[in-house]
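Enquirer: Here it is, the structure in full.
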Amino acid sequence: MLNHEAIRKAYPNAKTIDDGAGAFDKEGNHIQRDQAKVDAAAILVAQEQALASAQRNRATAYRNEADPLFFKAQRGEATIEEWQLKVAEIRSLYPYPNEEVQP
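For the sequence shown, the numbering used here begins at 3 and goes up steadily by one.
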């Protein structure tokens, strides 16, 4: 099975991708794929997906866990340190990928 996202990243002119027939541009011309180029694009796609997942998970955890604690700290019901620890915990639970995503 073809990695459609990696092919689209490697060949932005690909409009149609078929597992059996291959990739085609908007005029229907077959695109000769270089597997090394598709493999490199697959790494970028995986990095982008990992970053997006960490960002979504962090945003949800901040909204559900850290933000309420911050507002409690503002009202004097918790400390800023407790909030900072929660933020650090969330960052630790959902780390960003080590490798930077490059276009």
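C-beta atoms are modelled at their ideal positions from N, C-alpha and C, and glycine is treated no differently.
Please read all numbers here as calculations on a predicted model, not as lab measurements.
Which of helix, strand or coil does DSSP assign to Ala80?
Expert: Position 78 of the sequence shown, counted from the start, is the residue given in the question as residue 80. In the structure shown, Ala80 sits in coil (DSSP, three-state: anything other than H, G, I, E or B).
Enquirer: Reducing DSSP to helix, strand and coil, say where Ala52 ends up.
Expert: Within the sequence shown, numbered from 1, the residue matching residue 52 stands at position 50. Residue state, collapsed to three classes: helix.
Enquirer: Can you tell me which of Thr81, Ala16, Asp41, Glu7 puts its alpha carbon nearest to the alpha carbon of Ile33?
Expert: Mapped onto the sequence shown, residue 33 falls at position 31. Measuring from the Cα of Ile33, the nearest candidate turns out to be Ala16.
Enquirer: Helix, strand or coil for Ala25, going by three-state DSSP, please let me know.
Expert: Locating residue 25 in the sequence shown gives position 23, where the first residue counts as 1. Residue state, collapsed to three classes: strand.
Enquirer: Find the nearest neighbour of Leu98 within the set Ala52, Ala68, Glu91, Glu67, judged by alpha-carbon distance.
Expert: By 1-based counting over the sequence shown, the position of residue 98 is 96. Residue identity differs from the one stated: residue 98 is Tyr in this sequence, not Leu. Taking only the C-alpha atoms, the option nearest Tyr98 is Ala52.
Enquirer: Using three-state DSSP, classify Asp20 as helix, strand or coil.
Expert: Here the question's residue 20 lines up with position 18 in the sequence shown. The three-state reading of DSSP puts Asp20 in strand, counting E and B together.
Enquirer: In angstroms with no decimal places, state the Cα-to-Cα distance between Arg65 and Lys11.
Expert: As a working note, residue 65 is residue 63 in the sequence shown. As a working note, residue 11 is residue 9 in the sequence shown. Roughly 32 Å separates the two Cα atoms.
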